[in-house]
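In terms of the numbering used here, the sequence shown opens at residue 475 and continues consecutively. Cβ coordinates follow ideal geometry from the N, Cα and C atoms, glycine included. Worksheet: one structure, shown below.
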Amino acid sequence: GKIRLQRPCAVAVGADRAVYVLDHGGSRVVRFLDGRSSQVAGSTEPGSGAAQLNAGPTGRLFVTRRSRLYISDTGNHRVQRWDPGAQEGVTVAGGHGCGSGADQLSHPGGVWALDNGTLFVADMGNHRVMKWRDGGRGGVLAAGGYGPGDGPHQLKEPVDVAVDPATDGLLIADLGNARVVRGPLLHRPGTCWLR
Numbered sequence: 475g476k477i478r479l480q481r482p483c484a485v486a487v488g489a490d491r492a493v494y495v496l497d498h499g500g501s502r503v504v505r506f507l508d509g510r511s512s513q514v515a516g517s518t519e520p521g522s523g524a525a526q527l528n529a530g531p532t533g534r535l536f537v538t539r540r541s542r543l544y545i546s547d548t549g550n551h552r553v554q555r556w557d558p559g560a561q562e563g564v565t566v567a568g569g570h571g572c573g574s575g576a577d578q579l580s581h582p583g584g585v586w587a588l589d590n591g592t593l594f595v596a597d598m599g600n601h602r603v604m605k606w607r608d609g610g611r612g613g614v615l616a617a618g619g620y621g622p623g624d625g626p627h628q629l630k631e632p633v634d635v636a637v638d639p640a641t642d643g644l645l646i647a648d649l650g651n652a653r654v655v656r657g658p659l660l661h662r663p664g665t666c667w668l669r
């Protein structure tokens, strides 16, 4: 039967044209293809276990060409990777409580994955974007991280992140400053691109 969504908060399209919906009200990700739906991540109850999500309304997801899901599990301050057919997710960023350490996140928002396993995570509560290697023990600063503000090295509640494949540039939706910041993948000052 069809799965009924409760509170969808993010959507992504896979290479196979499947639509993936992060349903924070159902604590799960649902895949839709050819009129059929199936739960591919999470459970029906929020939680912090490997098979559970607590994404909240600001959770995001990213799907790779191989249908691997990266889910910003905001309430658990982590990013989970779910491989096709997996019964549990693997924590690939954060997961060590809410905080500002190199191995911590605070209310992560958008996540972007490169083919080589590098992840960029909008770390909203810490006003920064972190760069992680899938399986790494900690992240490194990619943008912001100097407290909330609108200066060239600052962000304020970055909610989403993307990589422009044509330029390898990092695009950041800087919610608290009502702007989009564009910068290099390495940590250097970005420029306000859209305001």
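Residues bridged to residue i [DSSP beta-bridge criterion]
{"i": "Met598", "result": "In DSSP, Met598 forms no bridge with anything."}
{"i": "Thr592", "result": "Arg607"}
{"i": "Ile477", "result": "Answer is none; Ile477 lacks a bridge partner."}
{"i": "Tyr544", "result": "Phe536 and Arg555"}
{"i": "Ala617", "result": "Val603"}
{"i": "Arg653", "result": "Asp648"}
{"i": "Gln513", "result": "Val504"}
{"i": "Pro639", "result": "Answer is none; Pro639 lacks a bridge partner."}
{"i": "Leu629", "result": "Pro622"}
Sub-8 angstroms separation of residue i and residue j beta-carbons
{"i": "Gly549", "j": "Leu496", "result": "no"}
{"i": "Trp586", "j": "Val503", "result": "no"}
{"i": "Gly428", "j": "Val603", "result": "What is shown of the chain runs 475 to 669, which leaves residue 428 out entirely."}
{"i": "Ala640", "j": "Gly612", "result": "no"}
{"i": "Arg552", "j": "Gly569", "result": "yes"}
{"i": "Phe536", "j": "Ala489", "result": "no"}
{"i": "Ser541", "j": "Pro520", "result": "no"}
Which listed residue (the options) has its alpha carbon closest to that of residue i
{"i": "Val614", "options": "Leu579, Val503 and Asn590", "result": "Leu579"}
{"i": "Leu543", "options": "Gly650, Gly643, Gly500 and Asp608", "result": "Asp608"}
{"i": "Arg653", "options": "Gly623, Ala616 and Ala640", "result": "Gly623"}
{"i": "Gly584", "options": "Asp547, Ala524, Gly569 and Arg611", "result": "Asp547"}
{"i": "Pro626", "options": "Trp606, Pro658 and Ala640", "result": "Pro658"}
{"i": "Ala679", "options": "Asp508, His570 and Ala524", "result": "Since the first residue of the chain shown is 475 and the last is 669, residue 679 is not available in this structure."}
{"i": "Gly610", "options": "Ala567, Gly559, Phe594 and Ile646", "result": "Ala567"}
{"i": "Val595", "options": "Thr538, Ile545 and Phe506", "result": "Ile545"}
{"i": "Gly591", "options": "Arg505, Arg539, Asn651 and Phe506", "result": "Arg539"}
{"i": "Pro531", "options": "His581, Gln554, Ser522 and Gly571", "result": "His581"}
Integer-rounded CB distance, given that residue j should sit under 8 angstroms from residue i
{"i": "Ile477", "j": "Ser501", "result": "Going by Cβ atoms, the distance from Ile477 to Ser501 rounds to 13 angstroms, so no, they are not a contact pair."}
{"i": "Gly499", "j": "Gln526", "result": "14 angstroms between Cβ atoms; not a contact."}
{"i": "Ala524", "j": "Cys483", "result": "Not a contact, Cβ separation roughly 21 angstroms."}
{"i": "Trp606", "j": "Leu593", "result": "4 angstroms"}
{"i": "Val635", "j": "Leu645", "result": "7 angstroms"}
is_contact[residue i, chain D] using C-beta, thresh 8 angstroms
{"i": "Gly650", "result": "Absent from the structure: chain D. Only one protein chain is present."}
Open item on the list: I'd like to know if the stretch 627 to 643 and the stretch 594 to 605 are in contact, where contact means that at least 3 CB-CB pairs between them fall below 8 angstroms.
Closed with: Contact holds: three or more Cβ-Cβ distances are below 8 angstroms.
TODO: Tell me, please, whether the stretch 551 to 563 touches the stretch 508 to 524 by the rule of three or more beta-carbon pairs shorter than 8 angstroms.
DONE: yes
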